[in-house]
Each structure stands twice: as C-alpha cells, then as structure tokens.
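Residue 53 in numbering that gives the first Met the number 0 sits at position 54 of the sequence shown, with consecutive numbering throughout.
Glycine included, C-beta positions come from ideal geometry on N, C-alpha and C.
Data block below; observations after.
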Amino acid sequence: MQPYKIMGVLNANDDSFFSHSRFSAEDALSKVEQMIEEGADIIDIGAVSSRPGAAEVSAEEELERLKPIIDTLYKHKLYEAVELSLDSYTPEAIDYALNRGFHIINDITGLENDEVCGLIGSYQAKAVIMHMQGRPQNMQDNPSYTDLIQEMDTFFKERIEKAASYNIHEL
C-alpha cells in the first residue's frame, strides 16, 4: 500500500474556495477521467461551499446539484476505477451517493448527525471527520478555545468513539 493517496476535488457550486475546482454536470465526467489519468486515487465531490461566510444551501438544492454528476459517474462505473468521496453532511445526499458507488463521506460537521453516522455504517463506508466551530456562515465570528490542543483531542476522541458505535471503523 502506498503511504499517501492523491485526491482530486470537483465542486458543483459557484462558491468554493478554489475557482478551478468548480465544474458543471456536463463537464464533470471528462474532468474526473482526467484526474484519474493524472493519478488521482480519490475523487471528492461537493455541492455546498464550506468556505467562511458561504451561503447556506438546502438539502434539496444540494442533491439537485449532485444528482447529474453522481448519476454520470455511476453510469460509467467510475467507482471501479477510483474511490469516490462525497463532501456532504446531509443524509439525503449521502444516501444517494453511497447507493451509487461512493466509498467515503467527507463530513465537515464531524459526524454530528446520527442519521449520517447510521448511513455510513450501514454502507460500510469510510468517514473523514472534520472540525469547525459553528457553521460556514459563522465559523469565523470570534472563534475561541480555552486550550486548543486539548479541545481538539477531546473532540476527535469523542467523534471516533461515536463512529465506532455506528460500525464506522476506517476513518
């Protein structure tokens, strides 16, 4: 096993951190194929920006943005060529993606939602646990820690235990 994996990022929104990661559903297939050819081991797809101050997006709108891309990748069986990761924290989008060949859920809320945990565990998928204070809309509004290292350590220990309780073992 190689000691690292290369992740390509594809965003189906107009508000992501990096403008060159943004793609329409029509362009997604060729971009994903290009990333695979260039050595990507994982393709991470998201439809909601997590940048500080990003606009909130409904679960329905997120899924509407994702469906054409997910369906195209599924139709072309790209889940056989690369690990597919979904950058989401909504159960609707997560269930849709996991049912169509995705292997990883990249959750910026750090497995906050029990339904999300249940879905990841039931599909035996992997999880990426992120941490932030608040939501993207307010996460930079005066964040504070009493002891940053201790608080991060506690947060991740608790979330890893939660993951294990839902049969999520690979993080």
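| Asked | Found |
| --- | --- |
| Touch test, the segment 88-102 against the segment 69-76, Cβ-Cβ under 8 Å, three pairs minimum | yes |
| Residue(s) in a DSSP beta bridge with D106 | I128 |
| Under 8 Å between C-beta atoms of A92 and L118 | no |
| CB of M6 within 8 Å of CB of I41, strictly | yes |
| Outcome for S121 when other beta-carbon atoms lying within 10 angstroms are tallied against a minimum of 16 | exposed |
| Spatially closest choice to K4 from A58, E111, A11 and A39, by CA coordinates | A39 |
| The alpha helix (DSSP H) enclosing S121, as first and last residue numbers | D113 to S121 |
| Other residues of its chain near R158: CB distance less than 6 Å, five sequence neighbours each side excluded | G109, L110 and I128 |
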